[in-house]
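Colleague: In the working numbering, the protein residues as written are 71 to 211.
Ideal Cβ placement from N, Cα and C applies to all residues, glycine included.
Quick one: this structure, given as structure tokens, is what I'll be asking you about.
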Ligand code: ATP
Ligand code: MG
């Protein structure tokens with residue numbers, strides 16, 4: 071089943087000049103990049119994006135980190151891309167991430183794990199419209 075997901079390169083990976091290598095890892099898995107931009111989250115938008123984690127001990131650090139620099143959200147498309155891209159990302163904790171994953175290669179701390187990916191079709195839909203207008207999603211202007 072072809073589906074879409076929202077991928078995002080986080081501020082730590084942008085700072086490391088790893089955008090190109092991460093995009094190459096995604097494309098090498100035969101995942102299509104359908105839309106892409108660079109933007110910066112405000113405190114309010116980061117809190118909204120990660121609202122499921124509100125109240126957790128790491129929430130404030132996560133928001134500080136996500137607003138510390140630009141991010142690169144992407145609409146990704148492919149067969150079972152939600153699961154396949156999360157496999158490519160690797161474990162949330164970079165010390166447990168498997169060889170060949172993005173987080174194994176670029177993760178450096180619990181929150182500094184280089185990339186985000188939606189975890190369900192419903193979240194993918196919501197997160198895509200969080201970052202992209204209907205025009206951008208369709209690739210027309
Ligand atoms: P993401 O949602 O960013 O794709 P994930 O789904 O693998 O990551 P979540 O449980 O949704 O993991 O956590 C969201 C983000 O919060 C993680 O990617 C990480 O940056 C940060 N995080 C999660 N758990 C912790 C923790 N215990 N301490 C610090 N930061 C954490
Ligand atoms: Mg998550």
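1) Do residue 155 and residue 75 have their C-beta atoms closer together than 8 Å?
2) For residue 148, which beta-bridge partners are listed by DSSP?
3) Does any heavy atom of the ligand ATP sit closer than 7 Å to the C-beta of residue 211?
4) Would you report the Cα separation of residue 119 and residue 201, rounded to the nearest angstrom?
5) Specify whether the region 162-174 and the region 123-138 touch according to this definition: at least 3 beta carbon pairs, one from each stretch, less than 8 Å apart.
6) Excluding sequence positions up to five away, which residues of its chain have a Cβ less than 8 Å from the Cβ of residue 194?
7) Note down the Cα distance separating residue 98 from residue 144, rounded to an integer number of angstroms.
8) Count the other CB atoms, across all protein chains shown, that sit within 10 Å of the CB of residue 186; report buried if there are 16 or more and exposed otherwise.
9) When DSSP labels each residue in this structure, what does residue 105 get in the three-state scheme?
10) According to the neighbour-count rule (16 or more other Cβ atoms, all chains shown, within 10 Å of its Cβ), is residue 78 buried or exposed?
11) Taking 7 Å as the limit, tell me which residues put their C-beta closer than that to any heavy atom of the ligand MG, in chain order.
12) Kindly indicate which three-state DSSP category residue 136 falls into: helix, strand or coil?
Modeller: Walking through what the data contain:
1) Locating residue 155 in the chain shown gives position 85, where the first residue counts as 1. Locating residue 75 in the chain shown gives position 5, where the first residue counts as 1. Yes, they are a contact pair.
2) The residue labelled residue 148 in the question sits at position 78 within the chain shown. According to DSSP, residue 148 bridges with 73.
3) Counting from one through the chain shown, the residue named residue 211 turns up at place 141. Checking every heavy atom of the ligand ATP against the Cβ of residue 211, none is found closer than 7 Å.
4) To locate residue 119, count along the chain shown from 1; it is residue 49. To locate residue 201, count along the chain shown from 1; it is residue 131. Rounded to whole angstroms, residue 119 and residue 201 show a C-alpha spacing of 10 Å.
5) With contact defined as three or more Cβ pairs closer than 8 Å, the region 162-174 and the region 123-138 are not in contact.
6) By one-based count along the chain shown, residue 194 stands at place 124. Answer for residue 194: 73, 74, 75, 76, 152 and 188, listed in chain order.
7) One-based indexing of the chain shown puts residue 98 at position 28. One-based indexing of the chain shown puts residue 144 at position 74. Their Cα atoms are separated by approximately 16 Å.
8) Here residue 186 refers to the residue found at position 116 when the chain shown is read from its first residue. Classified as buried, residue 186 has 16 or more neighbouring CB atoms from the shown chains inside 10 Å of its CB.
9) Translated into positions along the chain shown, residue 105 becomes position 35. Judged by DSSP in its simplified three-state form, residue 105 adopts strand.
10) What you label residue 78 is simply residue 8 of the chain shown in a count that begins at 1. Its Cβ being crowded by 16 or more others within 10 Å, residue 78 is buried.
11) Counting every residue whose Cβ lies closer than 7 Å to a heavy atom of the ligand MG, we get 186 and 189.
12) Taking the first residue of the chain shown as position 1, residue 136 is located at position 66. Per DSSP, reduced to three states, the secondary structure at residue 136 is helical.
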